[in-house]
Amino acid sequence: MMGEDLLSSNEKRVQRAQRWFLENHKEVPQYADFYWQAFRRLHTERPMVMGGLGAIPITKILEYARHYGLTDNEAAALSTIVMSLDGHERTALADRATRAKVK
Numbered sequence: 323m324m325g326e327d328l329l330s331s332n333e334k335r336v337q338r339a340q341r342w343f344l345e346n347h348k349e350v351p352q353y354a355d356f357y358w359q360a361f362r363r364l365h366t367e368r369p370m371v372m373g374g375l376g377a378i379p380i381t382k383i384l385e386y387a388r389h390y391g392l393t394d395n396e397a398a399a400l401s402t403i404v405m406s407l408d409g410h411e412r413t414a415l416a417d418r419a420t421r422a423k424v425k
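In structure tokens, the structure reads:
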């Protein structure tokens, strides 16, 4: 049961990141699903650090890009998008933790 709660929590965080992306980008390209799937898979690679979650390591993003045979330009785009989503999610989590401490 606890594993299901954790999965549900992770899924909700990814959905919030997706909503943020859609709200802040006027046009979403047809291939955006590839980036969502990458983010969904890579966000589990974050290290735990003092104070919460660390950033998704660039090495993991580049490893993912190599696995899918991306060109250097495609890998750079993947890195930019995944790091942007990751930054947004970590900021949202930190904000939520701060609000919880204030209560």
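In the working numbering, the protein residues as written are 323 to 425. Every residue gets a Cβ at the ideal spot worked out from N, C-alpha and C, and that includes glycine.
C-beta contact flag for residue i and residue j at 7 Å
{"i": "residue 378", "j": "residue 364", "result": "yes"}
{"i": "residue 362", "j": "residue 411", "result": "no"}
{"i": "residue 382", "j": "residue 396", "result": "no"}
With 16 other Cβ atoms within 10 Å as the buried cut-off, status of residue i
{"i": "residue 337", "result": "exposed"}
{"i": "residue 390", "result": "exposed"}
{"i": "residue 404", "result": "buried"}
{"i": "residue 387", "result": "buried"}
Residue from the options whose Cα sits closest to the Cα of residue i
{"i": "residue 360", "options": "372, 375, 384", "result": "384"}
{"i": "residue 399", "options": "357, 418, 415, 419", "result": "357"}
{"i": "residue 339", "options": "386, 413, 394", "result": "413"}
{"i": "residue 420", "options": "373, 402, 408, 406", "result": "373"}
{"i": "residue 376", "options": "417, 397, 408, 394", "result": "408"}
{"i": "residue 354", "options": "402, 424, 416, 418", "result": "402"}
{"i": "residue 344", "options": "416, 370, 406, 415", "result": "406"}
Limits of the unbroken alpha helix (DSSP H) element including residue i
{"i": "residue 383", "result": "380 to 389"}
{"i": "residue 398", "result": "394 to 424"}
{"i": "residue 368", "result": "No alpha helix (DSSP H) holds residue 368; DSSP gives it neither H nor E."}
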